[in-house]
Structures are given as C-alpha cells and as structure tokens.
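Taking my numbering, the leading residue of the sequence shown gets 112, the next gets one more, and so forth.
Glycine included, each C-beta is placed from N, C-alpha and C at the ideal position.
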Amino acid sequence: MNEMTSINRVIELERADAARQALEEAANQLETMSGAEQYQRAWRKAADFLRSFKPKGA
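Structure below.
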C-alpha cells in the first residue's frame, strides 16, 4: 500500500468512526427523552433506527 492510499484509508476510518459516534450520541439522546410510555417506546424505536445507519467496523 502506498503512502497516499494509507492516508486515504485512515481518513475513511476516521470518518466512519465519527459517524458511528454521532449516531450513537443522537440515539442516546432520543432514549433519554421523557413522556408517556407510548412516546418512550417511539423514542427507543427511533434510536434503534438511527443505530441501524451506523457504519460497520472495518
């Protein structure tokens, strides 16, 4: 692997990690929202939906 390819791979991995962190933070915020039980179930489902978009580990 040449140096430029290595740099591009590191950038790709860092972007994926940033995306995972942002999606997890958003999901955690949804899960802590208050309201009636129906709303809390909806927040949990929305959090699960967000987590489904997290890039897979490389």
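When burial is assigned at 16 or more other CB atoms within 10 Å of the CB, is residue i buried or exposed?
| i | result |
| --- | --- |
| Ala-158 | buried |
| Leu-124 | exposed |
With respect to the alpha helix (DSSP H) encompassing residue i, which residues constitute its N-terminal and C-terminal limits?
| i | result |
| --- | --- |
| Lys-156 | 148 to 162 |
Taking only the alpha-carbon atoms, compute the straight-line gap between residue i and residue j and give it to the nearest angstrom.
| i | j | result |
| --- | --- | --- |
| Gln-149 | Ser-117 | 48 angstroms |
| Val-121 | Leu-141 | 30 angstroms |
| Ala-147 | Arg-155 | 13 angstroms |
| Ser-145 | Gln-151 | 7 angstroms |
| Gln-132 | Ala-138 | 10 angstroms |
Can you tell me whether residue i is helix, strand or coil according to DSSP?
| i | result |
| --- | --- |
| Thr-116 | helix |
Should residue i and residue j be called a contact, given that it needs their Cβ atoms to be closer than 7 angstroms?
| i | j | result |
| --- | --- | --- |
| Phe-164 | Leu-134 | yes |
| Pro-166 | Ala-130 | yes |
Step through the CB atoms of chain C and report whether any lies within less than 7 angstroms of the CB of residue i.
| i | result |
| --- | --- |
| Ala-158 | Within the model displayed, chain C is absent; a lone protein chain is all it includes. |
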